[in-house]
Amino acid sequence: MQYAILCYHDENVVCAWSKEQDDAIMAKIGAVMERHKEKLGPVARLLPTTTATTLRKCQEPPLVLDGPFAETKEQLLGFYVVDCESLDDALAFARELGAVNPGGSYEIRPVAAFFPAEVHRERG
Amino acid sequence: MSGDDWIGRVIAAARPKAVAALLRNFRSLDAAEEAFQEAALRALRTWPRNGPPRDAPAWLVMVGRNAGIDNVRKQSRLQPLPPEDLISDLSDVEATEVERIDHADYRDDILRLLFVCSHPDLPVTQQIALALRIVSGMTVKQIARAFLVSEAAMEQRITRAKARIASVDLPFEAPGPVERSERITVVAAMLYLVFNEGYTTRDDDHGARAPLCDEAIRLTRLLLQLFPAEPEIMGLTALMLLQHARAAARIDADGAPVLLEVQDRARWDRRAITEGLALVDKALRHRRPGPYQVQAAIAALHARAPRFADTDWAQIDLLYGTLERMQPSPVVTLNRAVAVSKTRGAADALAMIEPLATPLGGYFYFHGACGAFLKALGRHDEAREAFSRAIALAHTPAEAAYVRNQIETLAEPKGM
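Those sequence lines, one after another, are chains A and B.
In terms of our numbering, the first sequence opens at residue 5 and continues consecutively.
In terms of our numbering, the second sequence opens at residue 555 and continues consecutively.
Written out as structure tokens, the structure reads:
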């Protein structure tokens, strides 16, 4: 089963990391990813929510709004897609990530359908 | 949660929100700051034991407010409030109170706090010092180091600023839309000053000013979180990010500034550039251009060029033309002339800046540009004169050395 690991963290804390702190954490995360590269799908780190734009489909034509979809105390800052045997395995992977990246939360969500980039290209 | 000093980081990130809300409560900068300090001390004591609260700023505001009230009670010998050790997560105890500090409140609170620090009665240097002390929470020692003054002098500067603020009527009512937009403009100008203070290098600062750029970016991002649809704040954030992205490349190993022309672009911070470009893009969609957006768009063109030779000078010329109309200034015209020299040639560029000899006569870059244009036109004697004037006005030995190199290229008989 594929799981999406959605990373939530207070972006004001993350943005206050110095470059050295950020680099150090990214290096440790890189090591965790390296250990699990066989089962790892796409991974993304997102820019701060100030760069976000939201298309609200509540009306016709849809409304384009600046900012993230929701104002929350912790923001969606990235995600991993990982192929795991079970929820326990997915949780174990998230725990490993959490051990090197203090603070915040991970939401573990099973993936219903997944379209790797190659599929789109073949459909061309 | 592991990691060193996570509490310190959470407190630092919560500081602007918490101090801003406490300022509304106590209506005095000193009282708000004291209450926050007290709350932070208690957080250091209780969070390791009870775990971090779900809403750190709200916790700090509640505890700070109680501490402030406690002080008043002590003075009037009233019953003390229950200790916050019993409070692990305020939402359990005072849910309604916490809910009341919602996004809209924080928004005007933080804007008010920043606006107070940008008060027009304060000289610019005091505005910057006050913002860094109160909003960012930098220590007096850190700020003094960034400004290259003694700690005692900085302490005095901040005390003076606070005294002046204490004597003026602060606006505590919720601002109307026009007022809010005026405040945003004033605060943006102050934040850009903080950034420029950090961006200006001197030979003797050894990187002490760099934290000012990070702080300015952090606070401007915060302002943009609060007012996500303001294109000028997007522009200002982008401008700072795009300029600061070059930080590692614009100073060499000896601490001397490196000109854009010869910077190693591989050392530019790609993530900061991506964020800056994304914000420029978002801002343009609003079709409400302003000076920060135009300057950000110019910085974006530099950031997009893989090599100096790939720079889109024609577009930069147009953008400086727009900026000239928005904010006419000889310095903007001088910058535009540099772009013109690349597109239409040195003769046109020189003609543009010749009338600026009076306003810019004491400006290093003016004489440097004159020298470069004259050199390109083969007028080497005049170029040498201009370069000599530039050297006399150089701020740093590195600037002087750069121009001296230019003179040396003149000494070579070229094409004769």
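Glycine residues also receive a C-beta, built at the ideal position from the N, C-alpha and C atoms.
Who are the near neighbours of residue i in its chain, counting only those whose CB is closer than 7 Å to its CB and skipping five residues on each side?
i	result
residue 888 of chain B	907, 910, 914, 919, 920, 923
residue 675 of chain B	718, 722
residue 871 of chain B	890, 893, 894, 897
residue 661 of chain B	780
Any idea if residue i is buried or exposed, counting beta-carbon neighbours within 10 angstroms, 16 or more meaning buried?
i	result
residue 731 of chain B	exposed
residue 5 of chain A	exposed
residue 41 of chain A	exposed
residue 62 of chain A	exposed
residue 578 of chain B	buried
residue 881 of chain B	exposed
residue 669 of chain B	buried
residue 99 of chain A	exposed
residue 830 of chain B	buried
residue 678 of chain B	exposed
residue 52 of chain A	buried
residue 55 of chain A	buried
residue 836 of chain B	buried
residue 59 of chain A	exposed
residue 653 of chain B	At residue 653 of chain B, the pLDDT of 48 sits below 50, so the modelled position is not reliable and the matter cannot be decided from this model.
residue 932 of chain B	exposed
From the beta carbon of residue i, is the nearest beta carbon of chain B less than 8 Å away?
i	result
residue 70 of chain A	yes
residue 48 of chain A	no
residue 45 of chain A	no
residue 19 of chain A	yes
residue 55 of chain A	yes
residue 52 of chain A	yes
Please decide whether residue i counts as near chain A, where near means a Cβ-Cβ distance under 8 Å.
i	result
residue 833 of chain B	yes
residue 843 of chain B	no
residue 936 of chain B	no
residue 829 of chain B	yes
residue 779 of chain B	yes
residue 560 of chain B	yes
residue 557 of chain B	Because the pLDDT at residue 557 of chain B is just 45, under 50, the model does not fix this residue reliably, and the value given afterwards should be weighed accordingly. Yes, because at least one Cβ of chain A sits closer than 8 Å to the Cβ of residue 557 of chain B.
residue 988 of chain B	As shown, chain B starts at 555 and ends at 970. That puts residue 988 of chain B outside it, with no answer to give.
residue 677 of chain B	no
residue 836 of chain B	yes
residue 687 of chain B	no
residue 824 of chain B	no
Leaving out the 5 sequence neighbours to the left and right, which residues in its chain are closer than 8 Å to residue i when beta-carbon positions are compared?
i	result
residue 557 of chain B	The predicted model places residue 557 of chain B with a pLDDT of 45, which falls under 50 and marks its position as unreliable; any figure quoted below should be read in that light. Nothing meets the Cβ criterion.
residue 826 of chain B	795, 796, 798, 799
residue 970 of chain B	Caution applies to residue 970 of chain B, whose pLDDT of 47 falls short of 50 and renders its modelled position unreliable; the value that the coordinates give is listed next. Contacts found: none.
residue 590 of chain B	569, 572, 573, 576, 614, 618
Taking 7 Å as the line, does the beta carbon of residue i fall inside it for any heavy atom of the ligand ATP?
i	result
residue 777 of chain B	Of ligands this structure carries none, so the ligand ATP is not represented either.
Quick one: residues in its chain with C-beta nearer than 6 Å to the C-beta of residue i, no 5 flanking neighbours on either side, listed in chain order?
i	result
residue 611 of chain B	568, 571, 572
residue 555 of chain B	Reliability fails at residue 555 of chain B, whose pLDDT of 41 lies under 50, so the model's placement of it is uncertain and the value that follows must be treated cautiously. Excluding positions up to five away in sequence, the list is empty.
residue 648 of chain B	Low local confidence applies: a pLDDT of 47 at residue 648 of chain B is under 50, so the model's placement there is unreliable, and no value is given.
residue 94 of chain A	7, 88, 112
**OP:** Can you check the segment 698–773 of chain B for any beta strand (DSSP E) of at least 3 residues that lies completely inside it and give the ranges in chain order?
**Re:** none
**OP:** Let me know the alpha helix (DSSP H) ranges lying completely inside the segment 826–858 of chain B, each 4 residues or longer, listed in chain order.
**Re:** 845–858
**OP:** Give the residues from the segment 919–930 of chain B that approach chain A closer than 9 Å (Cβ to any Cβ), ordered along the chain.
**Re:** none
Original post:
Can you list, in chain order, the residues of the segment 560–590 of chain B whose Cβ is nearer than 8 Å to any Cβ on chain A?
Top reply: 560, 563, 564, 566, 567, 568
Original post:
the segment 22–38 of chain A: which residues have C-beta closer than 7 Å to a C-beta of chain B, in chain order?
Top reply: Answer in chain order: no residues at all.
Original post:
Just by C-beta distance, which residues in the segment 64–94 of chain A are closer than 7 Å to chain B?
Top reply: 70, 71, 75, 77
Original post:
If contact means a Cβ-Cβ distance below 8 Å, which residues of the segment 96–115 of chain A contact chain B?
Top reply: 103, 106, 107
Original post:
Along the chain, which unbroken stretches of the alpha helix (DSSP H) at least 4 residues long are found entirely within the segment 781–817 of chain B?
Top reply: 785–798
**OP:** Check distances from the C-beta atoms of the segment 892–912 of chain B to those of chain A and list, in chain order, the residues that come in under 7 Å.
**Re:** none
Original post:
What residues from the segment 782–803 of chain B come within 7 Å of chain A, judged by C-beta to C-beta, listed N to C?
Top reply: 782, 783, 791
Original post:
Between the segment 860–880 of chain B and chain A, which residues of the former have a C-beta closer than 7 Å to a C-beta of the latter?
Top reply: none
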